[in-house]
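Under the UniProt record's numbering, think of the first position of the sequence shown as 1, with each following residue one higher.
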Amino acid sequence: MSSVAESPSTLAVATRTDQSVVVLTVDGALDTTNSAALRDHILQATLEGPPAVIVDISGLKVLAELAWSTFIGAHWQIRDNPNVSVVLVCAQRGTREAITRSGVAYFMPVYSTEKAARKALSQQSRRAVRRAGAQLPADLTSLRESRRLVREWLTAWSQSTLIPVALVVVNVFVENVLEHTASVPVVRIESHGATATIAVSDSSHAPAVRLPSPANGIDVSGLAIVDALSRAWGSTPTSAGKTVWAVIGPENQL
């Protein structure tokens, strides 16, 4: 077992491999100053292409709610080995509930014990997670092309009922990239069971923020529409910028 820490008093990560699965045990305190270091540890654990990575955070204290996005950011940066499953283990029920509220559990399911995580991983291996993505140009042609690709991918995955909402979501995200950044939009979509996640990454570190509702109470901004049409959405920092994502399911209809 190896242990690496930015500072012993703040964050330590121990690594071991058991039956080809990499297990990270994280102890200490996590905040926005060391969250990038933890994200890098998780990414490093996926590089050799193990079947799964289990991150035990039972001994971790999260000092800032924003720091939970560390795990979502890691999810969107596992590019070389996107089929490596990453799951969390936390013995504290209250912390598991906080993880679920933060949206992390949409991307990295959380379990109470390592045994439960391994059992879930063995069952998950029988259910394919479908993924697709494309980098688009930084011009208005990306709006039409992103909609075309999302329609094509969801049709191929027999999820045509999700297409109307997915098209609205990807259009909002790509339009925001073109309007507010100098980046090329990177569109990605994941399908697991009856749900799909639409995500668009860019190189701007400025988060996507829903503006306060106007005085008349009618908010028709793009992100307000995404909020109304999705199970959950968020703007997550990555080492290269940010990823804005939304999870949609059968209940999200136009």
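Built from N, CA and C at the ideal position, the CB exists for glycine as well. No experiment lies behind these values; they were computed from the predicted model shown.
Terminal residues of the alpha helix (DSSP H) in which residue i lies
i, result
"Thr46", "35–46"
"Ser122", "114–124"
"Gly241", "Segment 241–248 is the beta strand (DSSP E) holding Gly241; no alpha helix (DSSP H) there."
"Asp227", "222–229"
Beta bridge counterpart(s) of residue i as assigned by DSSP
i, result
"Glu190", "Arg131, Thr197"
"Arg16", "Val23"
"Ile72", "Per DSSP, none; premise fails for Ile72."
"Ala52", "Ser85"
"Pro109", "None, per the DSSP bridge assignment."
"Gly28", "Leu11, Leu60"
"Asp202", "Lys242"
Proximity winner among the options, relative to residue i (alpha-carbon distances)
i, options, result
"Leu121", "Gly241, Thr141, Asp139, Pro51", "Pro51"
"Arg16", "Leu38, Ala29, Val53", "Val53"
"Arg79", "Ala45, Asn252, Leu24, Ala196", "Ala45"
"residue 255", "His205, Gln159, Tyr111", "Since the displayed the chain opens at 1 and closes at 254, residue 255 lies outside it and no answer follows."
"Gly234", "Ala224, Ala240, Ala246", "Ala246"
"Ile99", "Arg118, Pro237, Asn81, Ser69", "Ser69"
"Ala232", "Ser158, Trp76, Arg147, Ala105", "Ala105"
"Lys115", "Val89, Ala138, Glu97", "Val89"
Range covered by the beta strand (DSSP E) that runs through residue i
i, result
"Ser85", "85–89"
"Ala67", "Looking at the DSSP string, Ala67 is not in any beta strand (DSSP E), and its letter there is neither H nor E."
"Gly103", "Premise fails: Gly103 is in no beta strand (DSSP E) and is neither H nor E."
"Ala232", "232–238"
Rounded Cβ spacing between residue i and residue j (contact assumed at less than 8 Å)
i, j, result
"Ser58", "Arg130", "With a Cβ gap of about 32 Å, Ser58 and Arg130 do not count as contacting."
"Leu223", "Ala208", "6 Å"
"Ala74", "Asp31", "About 16 Å separates the two Cβ atoms, so there is no contact after all."
"Val168", "Gln253", "Not really, about 11 Å apart at Cβ, beyond 8 Å."
Contiguous beta strand (DSSP E) assignments of at least 3 residues, all confined to the segment 138–174: Listed in chain order, nothing qualifies, since the segment 138–174 has no complete beta strand (DSSP E) run of 3 or more residues.
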